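Q: This is the structure, below, for whatever I ask next.
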């Protein structure tokens, strides 16, 4: 990968290599524009790479990602940098100077992807790709379909002895433990911020007791449990004791639509839950499922999807926000008030899933980068300045809407580069 | 191009240990190539070995037998004037070996997988010989001007944004004014933080901006009669709305229909019209088209219990908006907004609502309150749909104590002396409701114009409208989640109400994206390359017309309507409409369609390159033709996850199963191979095929070939098709194992050795 490339006149910088950033970068490059694409993770694909399936088609995200990666590889107009973040931005529309920093992967381009280093490595690290549901070796690929297909070394997780063993195991001299962070500057005409979202921190809702029981997981963790390349190879088991849950509870709006947490609606969680009900049904055809909700936001063509699921006699929908979760010896009890009947509901379940919402990932750094954000931390798109936001950096959205927004952002960036 | 070959075998990543490298080298001898080996071809030294041969010996076709073609593309890219062919001996030979067992010891396994890899080396060498350098297709005349159909928010925005990027645009609008539905709105939804207040309409400013833009021309009171041609060179005939002309878009007349018309059994629906291939000398040229003809309010008279049509106190949201605009709500003291028609039956919104009508009800409740501070608004919903930032507007509305919001199952609306009574159950008030109101507003949906009209009026062999409209409730959508703009008509993109019920904010984004796609389609046509999903591909199907029998299969089966035909039925290709899937090539019984780097002869020769032992009952040979987008990566992934892949199978990636010509399967079986399997994407309503129809078509063709086989005395079970998702890596080895076992049970092919 080239260290410094500043040709830049009229080039577009896309920050973030998730589905929005990838889409924006590809759409601009396929018009014929020069594009730089930077991604903070060691792989492209972002959040959607962590999803088992998309709603409502229940198709795997890696199918579309594979096409997008192929498009990236076939397009000489895109230059891609992983493990890279923006440090500072100066200049104005048409001539921005953006300083970026690439963190060391400790694995250089000699890496063939053979995996001998993994065999040699005995130290482990927490698997952040799987939201802590398991461990990986200290030298790892974030997931099997990760692109680019290069290993990453978590040097801090290794003993000196292990480091040496890893080094010795590589026939291609690809392990470089002395690698340092690199800073470089890009000259571009406009920037697309496609920095995406983080799951809202569930420990902030103290009443929901996340972290206090192994029977409480988040919806993103559920995606990993259901994924064939996840920590359980696609079995939905309760973390910790690997028990097959006999009952499930979904806690909707865990943080969203709540002025103490996220005042907006996170857009995707209702449909995500509907989709996850299908994951459960595939594996546990009879298990009772309880969904506690305020409104079921499954509009338009999603209504049909919901209708099918609501016909299931073992799936119960209760209009009422969960007020409390009580950890039990085996599972948890969900406490809520049924808004229609006024009854107080206490429902014991073996596994409960918090439908946590999305928080804009760039929220904390935005002002330092000169970006205008709204009260919730979403980046306000400013085409006049050539600072354009896309996807979930701009607003909470599903994948389709993010792709649309990213395609639109590509045009705004091209206009700014004229 | 004078081809000079260089072949290379990588022995790294365990290949050298797992396989007999000398045997691999000798496998290339039939092609006259003598591969060089290296322990890491992708590394600097390995690449230098190749680069030196390029520099010193003039090698321009590089055969790399190493890892999967899915990886290391950069490392093996030696420039646009070189051809690189990849043989996958890492993932699909060295890495997918089975474990030693009682049946097979280590040496036997090595022998089997070496034979497998030898076939891959042979195939790669043959492929190199049969691959030619692509030459991009260039249109004789190229127009980079965009036609936008529809002058509402979507169309105006698309035009404005395309013009801002430097492109010329024409807007064609049926009515006498620009602005569309938005002209009737009193206020707009909030568009920026804190999302608290309704905003003044911006449509006037948008219309003025478009009308003063020198790059945009506007044709009012005009509609499109027909669109012929292809991206970069569309030929558009306009007409006065509502008139019939000889240049109207002809209805689709299929092969069977043509017969019946000829025999006088059917009336020609296109009588009096110009043939769809006819060129109108007065037509205007465009490079791409954006369809933004919007939506129409849904008819709600079918919901008898809601009283629409029987009481004039029951109106739709669209009618209420007009009452407000006309200043006719001054005397109204109470309004009930009914969001869901299902009563106690179901809790869905009216069809075609999406989340827009929830927002509309909130906005209109505000109108009621603003017109009269004593007035009350009741919003009766099953699920309030205010996704994203709209939630903050909803929350603000809840603070207004003159607006009552409750979940409710509205069971009946009855006329009363002063207005209406609304009966509702399951409310949040703990009791049933009987609301006396002056007016009831029903949250009617927004139906796409594509539900009722052809809209795009194409003069194409496959007919004037978008396909699969029924599958998507009348919306023009190919419904790819990842690629929402793709339609099955290249160079024609849609936005706004024809795609889904959307708010103005969503429409602006959508229209801007559609403008980008239109520009991209023109630029790609200009460069002579494909658009999504084979973006940048310079090849295109070429036809050897002397042998065409006018069977029309290619014309009918192309998922993208790229082929027209002449009076005799000879296909007339439109390369800029083509998406390069090769479905035409797969369809052609005469085998006269092919690409420079992907054709019948090439894959056929690769199959012939597979050595079929004719005297060893243990060494059966099975051909697998595999979708390169999904099933092939799943195989690679299976190998990475250390699942063995059966060594009797030879995998060949194909662009799409639609491109699989049954001649390949027949040839393989007549050459003594024992079975053939196709691995492609899921099809049906939730299809995953990137070319929409490929795997479905292949399944049909494969079923037909089964019949042919039985007539030859071969069991039809020797041919199969399986739907494989890219994530089926843990399942696909067993699926293949089962197929191999079924072939073993059938025994070796009786054609072996002939």
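Protein chains in written order, with this note's numbering: chain X, 1 to 418; chain U, 1001 to 1754. Don't be surprised by glycine CBs; every beta carbon is placed ideally from N, CA and C. Values in this document were obtained by computation on a predicted structure and should not be read as measured data.
#1: Which residues, in order along the region 99-128 of chain X, keep a beta-carbon less than 7 Å from a beta-carbon of chain U?
#2: Mind listing the chain X neighbours of residue 1213(U)? Cutoff is C-beta to C-beta under 7 Å, in chain order.
#3: Among 1493(U), 1184(U), 1214(U), 1660(U), which one has its Cα closest to the Cα of residue 1200(U)?
#4: Which residues, in order along the region 260-280 of chain X, keep a beta-carbon less than 7 Å from a beta-carbon of chain U?
#5: What are the residues in the region 1679-1713 of chain U lying within 7 Å of chain X by C-beta distance?
#6: Measuring only between beta-carbons, confirm whether residue 1383(U) sits less than 8 Å from chain X.
#7: Determine, using beta carbons only, whether residue 142(X) comes closer than 8 Å to chain U.
#8: Using the DSSP secondary-structure output, state which residues sit across from residue 1226(U) in a beta bridge.
#9: Which bits of chain U does residue 399(X) rub up against, with CB to CB less than 8 Å?
#10: Assign residue 1088(U) to buried or exposed, taking buried as 16 or more other Cβ atoms, counted over all protein chains shown, within 10 Å of its Cβ.
#11: Could you check whether residue 1230(U) and residue 1491(U) sit closer than 8 Å to each other, using their CB atoms as the reference points?
#12: Alpha carbon to alpha carbon, how far is residue 1735(U) from residue 1644(U)?
#13: Would you say the region 1497-1513 of chain U touches the region 1158-1170 of chain U, given that touching needs at least three Cβ pairs under 8 Å?
#14: Can you find a C-beta in chain X that's less than 8 Å from the C-beta of residue 1605(U)?
#15: Quick one: is residue 13(X) near chain U, going by C-beta distance under 8 Å?
#16: Check whether the Cβ atoms of residue 1703(U) and residue 1680(U) sit closer than 8 Å, and answer yes or no.
#17: Whole angstroms is fine: what's the gap from residue 280(X)'s alpha carbon to residue 196(X)'s?
#18: Quick one, which of 387(X), 397(X), 385(X) has its alpha-carbon nearest residue 1390(U)'s?
#19: Taking residue 1281(U) as the reference, which of 1261(U), 1234(U), 1258(U) has the closest Cα?
#20: Does residue 1452(U) come out as helix, strand or coil in the three-state DSSP assignment?
#21: According to DSSP, is residue 6(X) part of a helix, a strand, or is it coil?
#22: With residue 1305(U) and residue 1347(U) assumed to form a contact (beta carbons below 8 Å), what rounded beta-carbon distance in angstroms separates them?
#23: What in chain X is Cβ-close to residue 1494(U), meaning under 8 Å?
#24: Residues of chain U with CB under 8 Å from residue 172(X), in chain order?
#25: Taking beta-carbon pairs under 7 Å, can you tell me which members of the region 1221-1248 of chain U lie near chain A?
#26: Do residue 1729(U) and residue 1673(U) come within 8 Å of each other at the CB atom, strictly closer than that value?
#27: Please confirm if residue 1073(U) has its CB atom under 8 Å from at least one CB of chain X.
#28: Does any residue of chain U have a CB that is nearer than 8 Å to the CB of residue 38(X)?
#29: Give the secondary structure of residue 264(X) by DSSP, where H, G and I count as helix, E and B as strand, and everything else as coil.
#30: Relative to chain X, which residues along the region 1132-1150 of chain U have a C-beta separation below 9 Å, given in chain order?
#31: Within 10 Å of its beta-carbon, does residue 1484(U) have 16 or more other beta-carbons around it, so buried, or fewer, so exposed?
#32: Could you give the uninterrupted runs of the alpha helix (DSSP H) lying entirely in the region 8-55 of chain X, keeping only those of 4 residues or more?
#33: Which chain U residues sit within Cβ distance under 8 Å of residue 73(X)?
#34: Under 8 Å between C-beta atoms, does residue 233(X) make it to chain U?
#35: I want to verify the contact list: residues of chain X whose CB lies under 9 Å from the CB of residue 1355(U), in sequence order.
#36: Tell me whether the beta-carbon of residue 1457(U) lies closer than 8 Å to the beta-carbon of residue 1249(U).
A: Reading from the atomic positions:
#1: 110, 112, 113, 114
#2: The contacting residues do not exist; residue 1213(U) stays about 13 Å from chain X at best.
#3: 1184(U)
#4: 263, 264, 265, 267
#5: 1686, 1688, 1690
#6: yes
#7: no
#8: 1237(U)
#9: 1481, 1482
#10: buried
#11: yes
#12: 12 Å
#13: yes
#14: no
#15: no
#16: no
#17: 27 Å
#18: 397(X)
#19: 1234(U)
#20: coil
#21: Bear in mind that a pLDDT of 47 at residue 6(X), under 50, signals an unreliable position, so the model cannot answer this.
#22: At roughly 15 Å, the Cβ-Cβ gap does not stay under 8 Å, so residue 1305(U) and residue 1347(U) are not in contact.
#23: Here the premise fails: no neighbours, minimum Cβ distance about 11 Å.
#24: 1012, 1040, 1043
#25: Among the protein chains of the structure shown, namely X and U, there is no chain A.
#26: no
#27: yes
#28: no
#29: coil
#30: none
#31: buried
#32: 19-31
#33: 1073, 1074
#34: yes
#35: 297, 299, 300
#36: yes
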